[in-house]
Amino acid sequence: MTDHNLLIEKLSQSVQPVKRPRATGWRVLTWLAGALPCGVLASFLVQRSLTDWSQPGAHWAMLQLALAFVLGTLAIRSAFTMSIAGRRSISWKALLPLGLLWLALSILNIPRVEPPLHVGDGTNCYTFLLVVSTPMMVMMIASLRRTRALHPVRSLTMAGFGVACMAVTLLAFCHPVHLHKEDFVMHLAAIVTIVALTVLLGKRWVAIT
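First residue of the sequence shown: 50, per this note's numbering; consecutive thereafter.
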């Protein structure tokens, strides 16, 4: 087409209005307000008993819960930020100290003389984390699809880590105060699985095509 004015006019007619995304803080709050209740509802699909916060050492479990929530919130914020070109997000190096602190507290929370482990306890934790994270994962991918991402794998990895942290936060409300080694291993396995699933399921929907 040699008539550039006609080309511009035709293209202008097909252009859809662009809606500016909300501020990152509001996106995080909106996601938390929708995802956490969905995670709580999903938790009823897995039989668990509520945590007895009167047990000795419960304050360490509360600290772990708080760390997991803070880590999850920061990771979700970072995922939203890095999905928009030109914006600087929190580096994984900034999250590393908190992550290592959570890891250290988890290890210290494993008693030397472990209470009896019931059959399937570790597997139940793994199942719980995956079930609870599923609706949050779907909502996270849908939220990132709003802006897409130049580097979808990086954004989705951070998002998956945030979802995993929120699932661990919910698990703290229905888990014994002290951990078994098997429990701890299954928690880590579930976190890796959630991150991997978020990347694999979301890459197609979040990538800019």
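For each residue, glycine too, the CB sits at the ideal point set by N, CA and C.
Buried versus exposed, by CB contacts within 10 Å (16 or more), residue i
| i | result |
| --- | --- |
| ARG253 | exposed |
| ALA128 | buried |
| TRP102 | exposed |
| ARG126 | buried |
| THR218 | buried |
| VAL77 | buried |
| TRP151 | buried |
| ALA245 | exposed |
| PRO201 | buried |
Contacts around residue i, its chain only, beta-carbon distance under 6 Å, and the 5 residues preceding and following it disregarded
| i | result |
| --- | --- |
| CYS87 | PRO184 |
| TRP141 | none |
| VAL168 | Because VAL168 sits at a pLDDT of 44, beneath the cut-off of 50, its placement in the model cannot be relied upon, and the following sentence gives the value as read from the coordinates. None. |
| VAL64 | Here VAL64 scores only 48 on pLDDT, less than 50, and its place in the model should not be relied on; the value that follows carries that caveat. Counting only Cβ-Cβ distances below 6 Å, and skipping sequence neighbours, we find nothing. |
| GLY106 | VAL226 |
| THR242 | none |
Nearest-angstrom beta carbon gap, residue j and residue i [assumed within contact, 8 Å]
| i | j | result |
| --- | --- | --- |
| VAL89 | THR176 | With a Cβ gap of about 16 Å, VAL89 and THR176 do not count as contacting. |
| ALA72 | ALA221 | Not really, about 29 Å apart at Cβ, beyond 8 Å. |
For residue i, the first and last residue of its enclosing alpha helix (DSSP H)
| i | result |
| --- | --- |
| TRP141 | 141-157 |
| ALA110 | 107-131 |
| ALA245 | 230-255 |
| SER71 | Note on residue identity: the sequence assigns Arg, not Ser, to residue 71. Premise fails: ARG71 is in no alpha helix (DSSP H) and is neither H nor E. |
| SER204 | 201-220 |
Close beta carbons around residue i, own chain, < 8 Å, minus the five adjacent residues each side
| i | result |
| --- | --- |
| GLY83 | MET188 |
| THR247 | MET186, MET189, ILE190, LEU205, THR206, ALA208, GLY209 and VAL212 |
| CYS223 | SER92, ARG97, SER98, LEU99, THR100 and PHE177 |
| LEU154 | TRP109, LEU112, GLN113 and LEU116 |
| ASN158 | GLY106, TRP109, ALA110, GLN113, VAL226, HIS227 and LEU228 |
| ARG203 | MET131 |
| LEU85 | MET185, MET215 and LEU219 |
Close beta carbons around residue i, own chain, < 7 Å, minus the five adjacent residues each side
| i | result |
| --- | --- |
| LEU144 | LEU120, LEU123 and ALA124 |
| ALA238 | TYR175 |
Cα-Cα separation, residue i to residue j
| i | j | result |
| --- | --- | --- |
| LYS230 | SER92 | 23 Å |
| VAL255 | MET131 | 12 Å |
| HIS236 | ILE139 | 24 Å |
| LEU228 | PRO160 | 7 Å |
| ILE257 | VAL181 | 28 Å |
| ILE133 | ALA216 | 25 Å |
| LEU193 | GLY251 | 9 Å |
| THR172 | THR196 | 36 Å |
| THR79 | PHE118 | 15 Å |
| ILE156 | ASP232 | 11 Å |
| VAL234 | ARG137 | 33 Å |
| CYS214 | ILE240 | 8 Å |
| GLY148 | LEU179 | 20 Å |
| LEU199 | GLN104 | 48 Å |
| GLY74 | LEU81 | 11 Å |
Distance cut-off 8 Å: residue i Cβ against heavy atoms of the ligand MN
| i | result |
| --- | --- |
| ALA124 | Absence of the ligand MN is noted for the structure shown, with no ligands found whatsoever. |
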